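Here my numbering is used: the first residue of the sequence shown is 21, the next is one more, and so on.
Think of the CB as a built atom: it goes at the ideal place given N, C-alpha and C, for glycine as much as any other residue.
Note that the structure is a prediction, hence the values are computed from the model and not measured.
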Amino acid sequence: MAIPTVPHALVVEDVPLILMHACDFPEGAGLRFHEASTGEEAKTFLGDHADDVTLLFSDVAMPGHTDGFALAYYIAEHWTWIEIVMARGSMKPCPGDMPDKTTFIGSPFNDRMVNRHLREKMPDHKQPEQLKLSV
């Protein structure tokens with residue numbers, strides 16, 4: 021009998037306190053998560069582990085050469101099965117800033133709002149039971 025796999029999320033945020041809080045969202049939805057603090061670190065991680073990741077949850081503004089928008093385009097091009105959720109409180113994206121399949125959540129946001137977006141974006145077969153049962 022096969023052991024069911026738990027979907028994994030990659031959470032990308034450069035501010036440690038916000039990263040800790042951002043990791044609560046996928047964890048609360050029943051996903052395992054990995055952390056990265058820059059777009060470059062996220063790309064390196066995905067280069068080795070993309071097959072395990074079903075969701076990217078990322079901030080837009082990050083240090084380095086790869087901000088959240090550039091990371092989203094990179095992922096959309098290389099790993100089409102990864103669902104992408106971008107979050108940012110102080111701005112709203114313009115047309116063309118993100119790949120079409122990307123969901124943007126403005127701040128303030130909470131577990132219920134993130135779970136609703138994940139249920140809408142993630143195909144049923146990629147959703148953990150905990151997310152399917154959340155209201």
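- Query: Helix, strand or coil: how does DSSP classify Gly-126 here?
  - Reply: strand
- Item | Where Leu-76 falls: helix, strand or coil (DSSP) | strand
- Task: Rank Arg-108, Leu-75, Gly-88, Asp-131 by C-alpha distance to the C-alpha of Thr-100 and give the top, closest one.
- Result: Leu-75
- Nearest CA to the CA of Arg-108: which residue from Gly-88, Leu-37, Asp-71? Gly-88
- Message: How far does the alpha helix (DSSP H) with Val-105 in it extend, from its first residue to its last?
- Response: Here Val-105 belongs to no alpha helix (DSSP H); instead the beta strand (DSSP E) covers 103–108.
- Query: On the three-pair Cβ rule with 8 Å, is the segment 114–127 touching the segment 27–42?
  - Reply: no
- Around the Cβ of Glu-78, are there at least 16 other Cβ atoms within 10 angstroms (buried) or fewer (exposed)? Glu is not the amino acid found at residue 78; the sequence shown has Ser there. Flag for Ser-78 reads buried.
- Item | Straight-line Cα distance separating Asp-131 from Glu-47 | 10 Å
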